[in-house]
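S.K.:
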Amino acid sequence: MSTVWKVVDDKDSRIEYSGQWTSVTGDTKLSDGSDTLDGLSRSGSVFGNTVHGTRTNGTGVTFRFNGTSLAAVYASVAFDSFVGQGDQVVMIDCFLDGKEATGSGYIPSSVPRPINNQPACSVYADSYKGTLSPGEHELSLNVTRISNASFYVDYVVYEALADAPIDGEILRIGDGQMNMRSSPDPHLSFGAGWETGNGGMVSTVTPGSSVTVRFNGPSLLFNRGKGTRIHSFVLF
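Numbering (my numbering) for the sequence shown: 31 to 266.
#1: The alpha helix (DSSP H) with D68 in it runs from where to where?
#2: Output the boundary residues of the beta strand (DSSP E) element that contains P164.
#3: Please state whether the Cβ-Cβ distance between A105 and D42 is less than 7 Å.
#4: Alpha carbon to alpha carbon, how far is P216 from L100? Give it in angstroms, no decimals.
#5: Could you pull the DSSP bridge partners for H217 from this structure?
#6: What three-state label does DSSP hand N96 in the structure shown?
#7: Return helix, strand or coil for R211, following the three-state DSSP convention.
#8: Where DSSP assigns a beta bridge to E225, which residues make up the other side?
#9: Please report the distance separating the alpha-carbon of K159 from that of V232.
#10: Where V81 and V54 are concerned, what is the direct C-alpha to C-alpha distance, given to the nearest angstrom?
#11: Taking the alpha carbon of S170 as the reference point, which residue from K36, A190, I45, I145 has its own alpha carbon closest?
#12: Does DSSP classify G83 as helix, strand or coil?
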């Protein structure tokens with residue numbers, strides 16, 4: 031059996047929070063009263079309709095897992111609409127086993143609307159400077175500076191060990207941001223009309239092109255953002 035990517039939601043007790051965090055839903059009004067995360071975001075809805083949010087410097091998140099080393103914290107960011115772009119700041123540090131994962135995530139300096147499903151802290155095989163090895167690991171994220179903005183932790187994705195048990199787990203497939211490999215995902219079969227580009231992203235401009243998803247589970251979530259043609263699959 032090949033390795034799989036497991037999803038851990040923000041409410042899971044395996045995710046530890048330090049500092050001031052508040053659990054909110056995707057349909058909760060933003061701090062400036064403009065709208066909700068899901069209502070304004072063009073990058074899909076928050077996962078499971080819950081996130082943990084903070085507006086405080088020095089807050090942090092820790093997640094311990096048994097896997098290949100590859101993992102990511104996915105987040106949402108909402109900048110206050112009533113201040114200028116130069117006054118909106120979110121800065122974070124990301125560590126795996128105490129070693130900084132530089133360039134691991136991307137927090138835009140300013141965006142006109144909230145963004146969801148953003149890999150804010152991630153460990154990639156081609157960018158991490160430390161040792162990547164299977165076993166027990168600790169992924170941590172620290173909010174070092176935040177101003178006129180809200181930062182929300184949504185979920186963690188990590189690559190489990192080969193043949194790891196998956197009963198009752200949530201799995202993610204078809205995620206080009208994390209599955210940067212030369213071999214295709216075995217859960218997906220693409221028909222005629224699809225092409226593989228840089229980073230393993232599979233795309234098509236051909237009407238009628240089809241993809242088959244093979245899975246064993248009760249349900250499948252097909253996720254994409256508003257106004258975008260980029261999709262991912264989550265298995266429940």
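Glycine included, C-beta positions come from ideal geometry on N, C-alpha and C.
Since the model is a prediction, treat every value here as computed from it, not as a measurement.
M.R.: Well, looking at it:
#1: Locating residue 68 in the sequence shown gives position 38, where the first residue counts as 1. Residues 67 to 70.
#2: Along the sequence shown, one-based indexing puts residue 164 at 134. Here P164 belongs to no beta strand (DSSP E), and DSSP marks it neither H nor E.
#3: Within the sequence shown, the letter at position 75 stands for residue 105. Within the sequence shown, the letter at position 12 stands for residue 42. No, Cβ-Cβ distance for A105 and D42 is not below 7 Å.
#4: Here residue 100 corresponds to residue number 70 of the sequence shown, with the count starting at 1. Here residue 216 corresponds to residue number 186 of the sequence shown, with the count starting at 1. Rounded to whole angstroms, L100 to P216 spans 18 Å at the Cα level.
#5: What you label residue 217 is simply residue 187 of the sequence shown in a count that begins at 1. Beta-bridge pairing links H217 to no other residue.
#6: Position 66 of the sequence shown holds residue 96. If DSSP states are grouped into helix, strand and coil, N96 belongs with the strands.
#7: What you label residue 211 is simply residue 181 of the sequence shown in a count that begins at 1. With a pLDDT of only 44 at R211, under the threshold of 50, the placement of this residue in the model should not be trusted; the figure read from the coordinates follows. Of the three classes helix, strand and coil, the one that applies to R211 here is coil, per DSSP.
#8: Taking the first residue of the sequence shown as position 1, residue 225 is located at position 195. The partner list for E225 (beta bridge, DSSP) reads S233.
#9: For the purposes of this step, residue 159 is taken as residue 129 along the sequence shown, with counting starting at 1. For the purposes of this step, residue 232 is taken as residue 202 along the sequence shown, with counting starting at 1. For K159 and V232, the distance between alpha carbons rounds to 28 Å.
#10: By 1-based counting over the sequence shown, the position of residue 81 is 51. By 1-based counting over the sequence shown, the position of residue 54 is 24. Whole-angstrom Cα-Cα distance: 6 Å.
#11: Numbered from its first residue, the sequence shown carries residue 170 at position 140. Closest by alpha carbon: I45.
#12: Position 53 of the sequence shown, counted from the start, is the residue given in the question as residue 83. Here G83 sits in strand by DSSP.
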